[in-house]
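Residue numbers (mature numbering (1 follows the signal peptide of the UniProt record, and there is no 0)): -32 to -1, 1 to 121. Beta carbons are placed, not taken as given, at the ideal position from N, Cα and C, and that holds for glycine. First the structure, in the form of structure tokens, and then the observations on it.
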């Protein structure tokens, strides 16, 4: 911009009638250089909570607490079947990628640990999502059918 101003000043000293246009040109230059960055896209997942209904073709165990929560931009949390978990998430258009999750380490019985292990492994292989009303489908690598969630009330 400094060279543009220098050129303008050089031109103005040679053509004094252009002094009237200088303030307009300077205002336009200032506005062009102070443009605000575009706002971050809004994603309908932020602030939502979901209850897991099916791990692909397998329904979850009765009384399962498996859930998924998107508390804020870039974060995911929830309940496996026995333990709570949290981690990072990246969402762009219909693409979804969940980073490494951290979880508590409580033990439980009756197949709940196996369900939780499968659930957390599937989440970390998430590739894309679809939201259809109160249903959330998360398509994962290696599963023929998506994880299916229903919106928590």
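Hey, residue i and residue j are a contact pair by Cβ (cut 8 Å); roughly how many whole angstroms apart?
i	j	result
residue 119	residue 18	6 Å
residue 53	residue 46	6 Å
Consult DSSP for residue i and reduce its assignment to one of helix, strand or coil.
i	result
residue 17	strand
residue 31	coil
residue 7	With a pLDDT of 48 at residue 7, under the threshold of 50, the predicted position of this residue should be treated as unreliable, and no value is reported.
residue 109	coil
Along the chain, where does the beta strand (DSSP E) that runs through residue i open and close?
i	result
residue 118	115 to 119
Candidates the options: which alpha carbon is nearest residue i's?
i	options	result
residue 25	35, -19, 112	112
residue 116	-27, 14, 79, 34	34
residue 28	98, 87, -19	87
residue 67	84, 55, 75, 60	55
residue 32	104, 84, 110	84
residue 98	92, 108, 89	108
residue 58	-19, 104, 44	44
residue 40	50, 13, 70, 60	13
Could you tell me which whole beta strand (DSSP E) segments of length 3 or greater appear in the stretch 36 to 103?
Fully enclosed beta strand (DSSP E) runs of 3 or longer: 43 to 47, 52 to 60, 63 to 71, 94 to 100.
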